[in-house]
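> Order-wise, the sequence lines are chains A and B.
Under the numbering used here, the first residue of the first sequence carries the number 1, and numbering increases by one thereafter.
Under the numbering used here, the first residue of the second sequence carries the number 337, and numbering increases by one thereafter.
Number of protein chains: 2
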Amino acid sequence: MKINEVGEKDLIKILDKLISKNKKKLKSNSLVNQLISIGDDGSVWSDNSANYCITTDSMIENVHFNQQFTNWQDLGWKAISVNQSDIAAMGFDPLYCVVSIGIPKNTEIQSLKKLYKGMIEAIKKNGGEIVGGDTVHSPIITINISMIGIRKLNNDNKRNFLSRSKAKPKDLIAVTGYLGSSAGGFEILKNTQNVEGKITKYLKKAHLKPQPKVQTGIELCDHGINSAIDISDGLVQDITRICKASNVGAKILTNKIPVHKYLKKAFPENWLSFALNGGEDYELLFTGPSNLIKQICEKTKTKITIIGEITKSKKVEIVNKTNQKITKNEWEHFIK
Amino acid sequence: MKINEVGEKDLIKILDKLISKNKKKLKSNSLVNQLISIGDDGSVWSDNSANYCITTDSMIENVHFNQQFTNWQDLGWKAISVNQSDIAAMGFDPLYCVVSIGIPKNTEIQSLKKLYKGMIEAIKKNGGEIVGGDTVHSPIITINISMIGIRKLNNDNKRNFLSRSKAKPKDLIAVTGYLGSSAGGFEILKNTQNVEGKITKYLKKAHLKPQPKVQTGIELCDHGINSAIDISDGLVQDITRICKASNVGAKILTNKIPVHKYLKKAFPENWLSFALNGGEDYELLFTGPSNLIKQICEKTKTKITIIGEITKSKKVEIVNKTNQKITKNEWEHFIK
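This is the structure in structure tokens:
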């Protein structure tokens, strides 16, 4: 059977099974305590001084980006930002990263410099440091970044990080920022849609220069939230990940989802589809007890919106303002 | 100017300069102490409980390997081993790794399973654990692995790791194992050279399944050695890296270089060229005071050979048994 005959999820399951089967045969290191291995936004361990996490992300030319839509500097920004966003989703601070680049021989050095300029810009804004890497020849551009995050130990609470598997029934579901803008921007980039200048600019920027919510992730973790994910594959897919990992369900209210007015204006018919299923928002999606979430909403400067509730049902339900379910067919008509 | 118009070294210099320029503007994290950043086999930091290092390595299809010579399982072994070898060259123990794979859609799942089987085999042998990764579609196979190493703190000696920059004049230069066998194996794989079965088997294995010297690296560091590198690009190139980083020179005696009798038999004319310049041996090349090196040679079970001496001259000299210099033209006729 070939890879394209099984879904991505099944493929990951097969590989996780292979790795887990051999895990118990490995010797553990007495200096560290492993807290999360495979299956979250990153892996977490601690020693007696700090908590660490590691995450990795690959971008392949013509699969994750193409040179027609993306300039080198924005590409560098995005490559770093998607890793910072994974670190944010664990409640950690970006510490170090290693950057591996595969690049065609006839690439201009100026382009490579711009790529690094974009990476450094993202690091200055949201933390981290490039401490190593590997630059190799490749017929297509490939960028792989692995990033380490760090978090102080907290003596009161050993589970001092955000994970996908801690959502509980009756938790409120909340999200930072606006959803769907990145997908709207991607649609404009593909079709050179004719919409007003400032709208185009906002939506394109949402796609090309996502803003990972690093400080918010740390803040959420400090406040005692312990269930979160970053929205990389779309709200529905990512809340489903939280539900599966936590063995719960969710009810999302479409009229509560934060959607920017520019997205509604540019895509009066598709904005909800983009918000539910678009992906690459790199906002934080998190859950927690009602009083805690409300308390955070009052205290924080970050835009946070409550969009639903965790349920016992083990199903993810999307309902409109009259409490009618919206089926998968209705929200899935936007195919990336 | 295009990338192929500058050498790899110049390219790395350009990128390092870009990164270093911005380094001082970054906020440092109070939980850790950075010991080595860019420019060694890995980057090193410590907190109050342990020393860590991180290393990364990419393998691109038709650049670093091809499917004609390499089966999936051996490819998995090698992808992990080259990282373990970098960790060994710092004197650390492999702790965790993240594995990112780009793979064509029509790849057989069975092949991907074999790739992981090879990786797990290498981990069982020489340490580490796969704790995460990313599997994405790509028109060509790409494998990127980032690996974290750990080492206990040593109160007596803060510089508790091996680096390229600590060689001193009069240090002896030593190497583990045999050199050139991997290059010999690669030559046989390319040309299906007609040599005796057991010779072919040994040389091919040296190329396809390198044995990183993890335990030796830890042992050297425990004994107080602090200058080392792993031989990935060939003896001459890698001793030159030590010399440049340490601001010293070296004199290597060709008649002392450990070369396996099978390599000499299969390549009676080229074996020295392979040993000097072949690469991918993944042996450890290290330097230290004469008495310390001799003491280690007596105590260790690892095959260690003294092949020369560090000099003040800042030049790397290769001399034969009658003390005549061998010029670059003489040893460089083997081009990979």
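We put the beta carbon where it would ideally sit given N, CA and C, even for glycine.
What is the DSSP secondary structure of residue 590(B), reduced to helix, strand or coil?
Reduced to three states, the DSSP call for residue 590(B) is helix.
> Taking its Cβ as the centre, do 16 or more other Cβ atoms sit within 10 Å of residue 615(B), making it buried, or is it exposed?
Classification for residue 615(B): buried.
> I need the DSSP call for residue 207(A), collapsed to helix, strand or coil.
In the structure shown, residue 207(A) sits in a helix (DSSP, three-state: H, G or I).
> Taking Cβ positions only, does residue 102(A) come closer than 9 Å to chain B?
Chain B, which has a Cβ nearer than 9 Å to the Cβ of residue 102(A), makes this yes.
> Specify the secondary structure class of residue 707(B) as computed by DSSP and reduced to three states.
Any answer about residue 707(B) is impossible in this case: the structure gives chain B only from 337 up to 672.
> Thinking C-alpha only, which one of 118(A), 122(A), 239(A) and 262(A) is nearest residue 198(A)?
Of 118(A), 122(A), 239(A) and 262(A), the residue nearest in Cα terms is 262(A).
> Using a Cβ cut-off of 9 Å (strictly closer), state whether residue 449(B) contacts chain A.
Chain A, which has a Cβ nearer than 9 Å to the Cβ of residue 449(B), makes this yes.
> Along the stretch 614 to 631 of chain B, where does the CB come closer than 8 Å to a CB of chain A? Name the residues.
Residues passing the 8 Å Cβ filter: none.
> How do the stretch 288 to 296 of chain A and the stretch 212 to 230 of chain A stand: do at least 3 beta-carbon pairs fall below 8 Å, yes or no?
Yes: at least three Cβ pairs fall under 8 Å.
> Okay, do the stretch 498 to 508 of chain B and the stretch 84 to 100 of chain A touch, 3+ Cβ pairs below 8 Å being the bar?
No, the stretch 498 to 508 of chain B does not touch the stretch 84 to 100 of chain A.
> When you compare the CB positions of residue 81(A) and residue 162(A), do they come within less than 9 Å of one another, or not?
The answer is no: Cβ separation not under 9 Å.
> Does the beta carbon of residue 460(B) come closer than 9 Å to any beta carbon on chain A?
It does; some Cβ of chain A falls within 9 Å.
> Once DSSP output is grouped into helix, strand and coil, what is the label at residue 321(A)?
Here residue 321(A) sits in coil by DSSP.
> Would you mind sorting residue 538(B) into buried or exposed? The rule is 16 or more other CB atoms within 10 Å of its CB.
Under this definition residue 538(B) is a buried residue.
> How would you list, in chain order, the residues of chain A whose beta-carbon sits under 9 Å from the beta-carbon of residue 645(B)?
Here the premise fails: no neighbours, minimum Cβ distance about 30 Å.
> For the candidate residues 259(A), 248(A) and 129(A), whose alpha-carbon lies nearest to that of residue 183(A)?
Closest option to residue 183(A), Cα to Cα, is 259(A).
> Residue 337(B) CB to nearest chain A CB: under 9 Å?
So, interface residue.
> Could you check where the alpha helix (DSSP H) with residue 86(A) kicks off and where it finishes?
Where residue 86(A) is concerned, the enclosing alpha helix (DSSP H) stretches over 72 to 88.
> Leaving out five residues on either side along the sequence, give the residues of the same chain with a beta carbon under 6 Å from the beta carbon of residue 15(A).
Excluding residues within five positions, none has a Cβ falling inside 6 Å.
> DSSP three-state call for residue 290(A): helix, strand or coil?
Three-state DSSP puts residue 290(A) in a helix.
> Mind listing which residues of the stretch 133 to 161 of chain A have their C-beta closer than 8 Å to chain B's C-betas, in chain order?
Hits within the stretch, in order: 133, 134, 135, 136, 137, 138, 139, 140, 142, 144, 146, 148, 150 and 152.
> Work out the CA separation of residue 611(B) and residue 567(B) for me, nearest whole Å.
Roughly 11 Å between the two C-alpha positions.
> Give me the DSSP bridge partner(s) of residue 30(A).
Residue 30(A) is not bridged to any residue.
> Use the C-beta contact count for residue 341(B): other C-beta atoms within 10 angstroms, 16 or more gives buried, fewer gives exposed.
By the 10 Å Cβ count, residue 341(B) comes out exposed.
> List, in chain order, every chain A residue whose beta-carbon is nearer than 7 Å to that of residue 418(B).
Residues of chain A passing the Cβ test: none, with the nearest at roughly 10 Å.
> Is it the case that the Cβ atoms of residue 586(B) and residue 645(B) are separated by a distance below 9 Å?
Cβ distance < 9 Å, so residue 586(B) and residue 645(B) count as in contact.
> Going by beta-carbon coordinates alone, are residue 43(A) and residue 83(A) separated by less than 9 Å?
No, the pair does not count as a contact, with Cβ atoms beyond the cut-off.
> Given residue 462(B), which residues of its chain have a CB within under 6 Å of its CB, disregarding the five upstream and five downstream residues?
Closer than 6 Å at Cβ, skipping near neighbours: 420, 548 and 550.
> Between the alpha carbons of residue 27(A) and residue 270(A), how many angstroms are there, rounded?
Taking the straight line from one Cα to the other gives about 52 Å.
> Is residue 223(A) close to chain B? Criterion is C-beta to C-beta, closer than 9 Å.
So, not an interface residue.
> Any C-beta of chain B within less than 8 Å: which residues of the stretch 19 to 35 of chain A qualify?
Residues 19, 22, 23, 25, 26, 27, 29, 31, 32 and 34.
> Residue 191(A) lies in the alpha helix (DSSP H); which residues open and close that run?
Looking at the DSSP string, the run of the alpha helix (DSSP H) that includes residue 191(A) is 181 to 191.
> Closest by CA to residue 118(A), which one among 355(B), 413(B) and 527(B)?
Here the closest residue by C-alpha is 355(B).
> Under the assumption that residue 62(A) contacts residue 3(A) (Cβ atoms under 8 Å), give the Cβ distance between them as a whole number of angstroms.
About 17 Å separates the two Cβ atoms, so there is no contact after all.
> Return yes when the Cβ of residue 115(A) is within less than 9 Å of the Cβ of residue 289(A), no when it is not.
Their beta carbons are not under 9 Å apart, which means residue 289(A) does not touch residue 115(A) by this criterion.
> When the Cα atoms are used, what is the spatial distance from residue 277(A) to residue 343(B)?
Computed Cα separation, rounded: 45 Å.
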